[in-house]
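Okay, structure first, notes after.
Protein chains: 2
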Amino acid sequence: MSEGRTPSPPTLEDVARAAGVSRATVSRVINGIRNVDPAIQEAVRLAVAETGYAPNQAARSLVTRRTGTVALVVSGAGGESAENPFPAQVFADPFFGRVAGGVVSFLRPLGIHPILMFAETAETRQQVVAYLRQGNADGALLVSTHGADPLPGLLVAAGLPAVLFARPSEPLPISYVDLAHRAGAGLAADHLVAAGRRRVATISGPLDVPAARDRLAGFQEAMAVHGHPFVPVAEGNFTAASGERAMERLLGEQPGLDGVFAANDVMAAGALAALRRHGRRVPGDVAVVGFDDSSAATACVPPLTTVRHPVEDMAAEMGRLLLAHLDDPAQRATSKIFQPSLVVRASS
Amino acid sequence: MSEGRTPSPPTLEDVARAAGVSRATVSRVINGIRNVDPAIQEAVRLAVAETGYAPNQAARSLVTRRTGTVALVVSGAGGESAENPFPAQVFADPFFGRVAGGVVSFLRPLGIHPILMFAETAETRQQVVAYLRQGNADGALLVSTHGADPLPGLLVAAGLPAVLFARPSEPLPISYVDLAHRAGAGLAADHLVAAGRRRVATISGPLDVPAARDRLAGFQEAMAVHGHPFVPVAEGNFTAASGERAMERLLGEQPGLDGVFAANDVMAAGALAALRRHGRRVPGDVAVVGFDDSSAATACVPPLTTVRHPVEDMAAEMGRLLLAHLDDPAQRATSKIFQPSLVVRASS
DNA sequence: ATGAAAGCGCTAACAG
DNA sequence: CTGTTAGCGCTTTCAT
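Protein chains in written order, with the UniProt record's numbering: chain A, 1 to 348; chain B, 1 to 348.
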């Protein structure tokens, strides 16, 4: 009585034998296809339980040509060389965590789990394309950290289903979700003006990022509407340190400023530090408004008034759009723009 | 002359025909098996290029019984009900980002991409087990947010290869990486004492988390060695808000304290806020030491002295251990404990 | 309503 | 060194 060393897992065949039916019937029951006698269904279910059967996904994919998996790709815009070989920084950004959380919350109830990929060089982008072409995933959810990311174009060229987190910088037949950045920045401007602030400045994000440009433009436009055609600007790169430096510069230019809008919460937190060092009270002397409503907004002292960016909802929508496209590949690219809202806290 | 509607991707057969050889030979070339005539190798490579061939992973997995994929599972300890149905919070923690970054940086050069999973209820844990049993991934990298996570036990019981981020609370034949938490906390104690601090308190993490318990014990032990057998403790839950509340309590108990060790940087940041509100200067009146050396440590004002937790390296090591186990399933469970180090910044 | 049989694309003995 | 041959486990016509 020798037992197999590595008892290979039960197959459909085993279940069929145990239930006294054919493989085809077991397959039907498992895949929830009707036209199966209830009594037989029950027998099959029993056999599945007692054999501990679990369908082999590879075999299934081979015939259905579907993996039931999607890739979640975080992509930069680097060139040939690996400028940032270590992906830790990118994933450490709470923004990425929110995207991942939103994607998972939508996909998981459907039994779909995303494959995490990271691409920032020409080589790694090709890796992503090859990976998808090999049928490791049915499609991709793409989050670019820079506007000029070539990956969306590559995906479209390869005919691979994908959905982007933001409008591509070049027009492309591809679906995406995005935020009404201009409107969001406008909310911040309206709020500062309504609060009686007259000497307002802004800390922008890196201007090669479309979202950063939109937030700046939206802020400037809204301020102009309120009779403030000129707004001092200092450019940051979305990090706390850059926000701090930008605030220093602004304070140097205009010591009497009484309000500042930062294009994200993290830079606003940096600005808070600079203001404190210069003896300005927030919001007494200077009102501060951030953008995103990220964890940084509430971790600050004082907590930040900010523009809410429904990242999780948007990420979930990406999943929805991708699945819709997979169900009906003929359907055209669509987009969904989310509306931001203002969250007022102690900093303004 | 009609073309196929959906031109099905080229197969090995197509490449073989184009190269004028057999499927087996093409397979050999593609899988880098030697004993193939260099001239034929070249011909095959050419044929691959002109057909645009990409191997079908499902077909490959079906016969090799390997997917070349691993699961990265973030797991809580919840019971039957979904107390925290939304995974966004968990993924938003920068700690998770560091783990993901470390895992990806190690796995990606090997062409392996992790599947992101999240489990916090009995049901979702079963989902993870089922997913692995279906052969969607060869093994799991598991990060538990609580000590009493049942998932490691389930994985062992199912005979699924896995590596944990921390020592399991129950002894289990499973590999893991961990940090010498006690030693790390000891470093913090030594530093505070060396800096002349005499009235030192600590903010612990949630005491149902083994790492939090170890950090507290390590700190108390080291302080005792330095002649301070009693250290006031306030328990937090690793969030900034909890750190702030804990600091308030400590200040109430011992208004003259001159040093505090928080079991993570985020709570230390909260403590900083409370200290500022109470008019204490850091480090002038009170020295503050955190733990982890996370992004929170440098985002604070002043930046935190902290105990470095090499999360990325540890995550990479998890990957290495898992792959080693997959290569040789007979090999026993191993563990690797990393040593922390002190990073001195302005807060102490 | 159920079963028989034909592959999905690939790797791995086994011959030659 | 190369080709032939069997499947891997599953879904899916096609008969019955």
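Glycine included, C-beta positions come from ideal geometry on N, C-alpha and C. Source: prediction; values computed, not measured.
Buried or exposed by the 16-neighbour rule on C-beta atoms within 10 Å, applied to residue i
{"i": "B/R215", "result": "buried"}
{"i": "B/N56", "result": "buried"}
{"i": "A/D292", "result": "buried"}
{"i": "A/N136", "result": "buried"}
{"i": "A/S335", "result": "exposed"}
{"i": "B/I115", "result": "buried"}
{"i": "residue 363 of chain B", "result": "Outside the shown range of chain B, which is 1 to 348, sits residue 363 of chain B, and nothing can be said about it."}
{"i": "B/E83", "result": "Its pLDDT being 46, under 50, B/E83 is placed unreliably in this model, and the coordinates cannot settle the point."}
{"i": "B/F95", "result": "buried"}
{"i": "B/E80", "result": "At B/E80, the pLDDT of 45 sits below 50, so the modelled position is not reliable and the matter cannot be decided from this model."}
{"i": "B/V103", "result": "buried"}
{"i": "A/S341", "result": "exposed"}
{"i": "B/N264", "result": "buried"}
{"i": "A/F230", "result": "exposed"}
{"i": "B/E13", "result": "exposed"}
{"i": "A/G184", "result": "buried"}
{"i": "A/G4", "result": "Residue confidence for A/G4 is low, a pLDDT of 37 falling below 50, so the modelled location carries little weight; the figure read from the coordinates is stated next. So A/G4 ends up on the exposed side."}
{"i": "B/R65", "result": "exposed"}
{"i": "A/V63", "result": "exposed"}
{"i": "A/S22", "result": "exposed"}
{"i": "A/S242", "result": "buried"}
{"i": "B/R197", "result": "buried"}
{"i": "A/R332", "result": "exposed"}
{"i": "A/G319", "result": "buried"}
{"i": "A/M1", "result": "Because A/M1 sits at a pLDDT of 37, beneath the cut-off of 50, its placement in the model cannot be relied upon, and the following sentence gives the value as read from the coordinates. The residue is exposed, with fewer than 16 neighbouring Cβ atoms inside 10 Å."}
{"i": "A/D149", "result": "buried"}
{"i": "A/E244", "result": "buried"}
{"i": "B/D37", "result": "exposed"}
{"i": "B/P109", "result": "exposed"}
{"i": "A/A330", "result": "exposed"}
{"i": "B/E50", "result": "exposed"}
{"i": "A/A301", "result": "The residue asked about is misnamed: residue 301 of chain A is Val in this sequence, not Ala. The residue is buried, with at least 16 neighbouring Cβ atoms inside 10 Å."}
{"i": "A/G252", "result": "exposed"}
{"i": "B/P210", "result": "buried"}
Partners in chain A for residue i, counting only beta-carbon separations shorter than 8 Å
{"i": "B/I115", "result": "T69, H113, P114, I115 and L116"}
{"i": "B/A269", "result": "A299"}
{"i": "B/G147", "result": "In chain order: nothing, as chain A lies at least about 22 Å away."}
{"i": "B/A157", "result": "The contacting residues do not exist; B/A157 stays about 12 Å from chain A at best."}
{"i": "B/V307", "result": "Ordered by position in chain A, no residue passes the 8 Å Cβ test against B/V307, which lies about 18 Å from the chain."}
Contact set between residue i and chain A, taken where Cβ atoms lie within less than 7 Å
{"i": "B/S295", "result": "A92"}
{"i": "B/A240", "result": "A299"}
{"i": "B/R108", "result": "F118"}
{"i": "B/V225", "result": "Those do not exist, as B/V225 stays about 34 Å from chain A at its closest Cβ, beyond 7 Å."}
Neighbouring residues, chain B, relative to residue i (Cβ below 9 Å)
{"i": "A/N264", "result": "Result: empty, since nearest Cβ-Cβ is about 13 Å, beyond 9 Å."}
Chain-ordered chain A contacts of residue i [CB-CB under 9 Å]
{"i": "residue 419 of chain B", "result": "The displayed coordinates of chain B run from 1 to 348. Any statement about residue 419 of chain B would go beyond what the structure contains."}
{"i": "B/L72", "result": "L116"}
{"i": "B/V177", "result": "Those do not exist, as B/V177 stays about 16 Å from chain A at its closest Cβ, beyond 9 Å."}
Within chain B, the residues that residue i reaches when beta carbons sit closer than 7 Å
{"i": "A/G135", "result": "N56, Q57 and A58"}
Chain-ordered chain B contacts of residue i [CB-CB under 8 Å]
{"i": "A/L62", "result": "N56, A58, A59 and L62"}
{"i": "A/R276", "result": "V301"}
{"i": "A/A273", "result": "V301"}
{"i": "A/A130", "result": "A54"}
{"i": "A/V343", "result": "Per Cβ cutoff of 8 Å: no residues; A/V343 is ~16 Å from chain B at best."}
{"i": "A/V44", "result": "Result: empty, since nearest Cβ-Cβ is about 17 Å, beyond 8 Å."}
Beta-carbon separation (whole angstroms), residue i vs residue j, contact threshold 8 Å
{"i": "A/L172", "j": "A/G147", "result": "A/L172 to A/G147, Cβ: 13 Å. No contact."}
{"i": "A/G205", "j": "A/G236", "result": "6 Å"}
{"i": "B/I337", "j": "B/D208", "result": "Going by Cβ atoms, the distance from B/I337 to B/D208 rounds to 22 Å, so no, they are not a contact pair."}
{"i": "B/V99", "j": "B/A315", "result": "5 Å"}
Inset, instruction - Mind listing, in chain order, the continuous beta strand (DSSP E) runs of no fewer than 3 residues lying wholly within the segment 236-309 of chain B? - result: 259-262, 287-292 and 305-308
Inset, instruction - Please determine if the segment 170-188 of chain B and the segment 214-232 of chain B are in contact, where contact requires at least 3 C-beta pairs separated by less than 8 Å. - result: yes
Inset, instruction - State whether the segment 311-318 of chain B contacts the segment 277-291 of chain B, with contact taken as three or more CB pairs (one from each stretch) at a distance under 8 Å. - result: no
Inset, instruction - Tell me the start and end of each unbroken alpha helix (DSSP H) in the segment 146-217 of chain B that is at least 4 residues and wholly inside, in chain order. - result: 151-157 and 181-194
Legend entry - Start-end ranges of the alpha helix (DSSP H) lying completely within the segment 63-124 of chain A, minimum 4 residues: 88-92 and 94-107
Inset, instruction - Count the C-beta pairs between the segment 161-171 of chain A and the segment 322-329 of chain A that are closer than 8 Å, then say yes if the count reaches three, no if not. - result: yes
Inset, instruction - Would you list, in sequence order, the uninterrupted alpha helix (DSSP H) runs of no fewer than 4 residues that lie entirely inside the segment 15-60 of chain A? - result: 23-30 and 38-51
Inset, instruction - Would you check if there are 3 or more beta carbon pairs closer than 8 Å linking the segment 118-134 of chain A to the segment 121-131 of chain B? - result: Note that the segment 118-134 of chain A does not touch the segment 121-131 of chain B; fewer than 3 beta-carbon pairs, one per stretch, sit closer than 8 Å.
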